[in-house]
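For reference, the structure is listed below as structure tokens.
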Amino acid sequence: MEVARAANIHDFIMSQKNGYETWCGNRGLQLSGGQKQRISIARATLRNPMVLLLDEATKALDNHVEKLVQIALDRIMMGRTSIVVAHHLCTIQNCDEISVLDRGEVVEKGTHLCLMAKGPKGAYHSHVNLQFQEN
Numbered sequence: 001m002e003v004a005r006a007a008n009i010h011d012f013i014m015s016q017k018n019g020y021e022t023w024c025g026n027r028g029l030q031l032s033g034g035q036k037q038r039i040s041i042a043r044a045t046l047r048n049p050m051v052l053l054l055d056e057a058t059k060a061l062d063n064h065v066e067k068l069v070q071i072a073l074d075r076i077m078m079g080r081t082s083i084v085v086a087h088h089l090c091t092i093q094n095c096d097e098i099s100v101l102d103r104g105e106v107v108e109k110g111t112h113l114c115l116m117a118k119g120p121k122g123a124y125h126s127h128v129n130l131q132f133q134e135n
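Structural data, given as structure tokens:
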């Protein structure tokens with residue numbers, strides 16, 4: 001239950017008639033995308049791994065659910081080596097180091113604040129501004 005709480009899915013599970021014994025259908029078809037993501041996060045951390053590999057963990061989620069998943073990720077990544085592949089840059093803002101790739105090459109490295117300080121000429125800065133304009 002601890003990992004489910006950390007992944008922001010415990011309350012949803014407990015709201016189901018059978019709690020943790022609830023049948024979710026074949027391949028979780030009765031779950032929303034955000035519920036599936038949060039259950040996957042809980043399952044990934046159940047064995048307390050030293051390293052987490054996250055590939056587009058918030059892809060295709062609406063803003064509200066993305067925030068829930070991001071809170072869960074922030075909790076779960078604490079104290080672990082985490083490699084995060086993300087196009088939604090809000091997913092990586094709290095990372096210790098961000099590497100910006102362009103055509104397979106690292107073009108910038110640093111923290112969110114360091115990369116944003118490069119201003120509009122920086123690749124990361126440009127991508128962040130573009131994403132906030134789209135939202």
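Residue numbers (the UniProt record's numbering): 1 to 135.
All residues carry an ideal CB built from backbone N, CA and C; glycine is no exception.
This structure is a prediction, so every number in the text was calculated from the model and none was measured.
- The residue among 24, 113, 86 with its C-alpha nearest the C-alpha of residue 57 is 86.
- The straight-line gap separating the alpha-carbon atoms of residue 29 and residue 21 is approximately 16 Å.
- For residue 89 and residue 119, the gap between their C-alpha atoms comes out near 16 Å.
- Note that the C-beta distance between residue 34 and residue 54 is not below 8 Å.
- A check of alpha carbon separations from residue 6 across 99, 76, 36, 12 identifies 76 as the nearest.
- Taking 8 Å as the upper bound for CB-CB distance, residue 107 and residue 123 are in contact here, some 5 Å apart.
- If the five residues before and after residue 93 are omitted, its C-beta is found closer than 6 Å to the C-beta atoms of 112, all from its own chain and listed in chain order.
- Closest option to residue 37, judged by alpha-carbon separation, among 47, 66, 101: 66.
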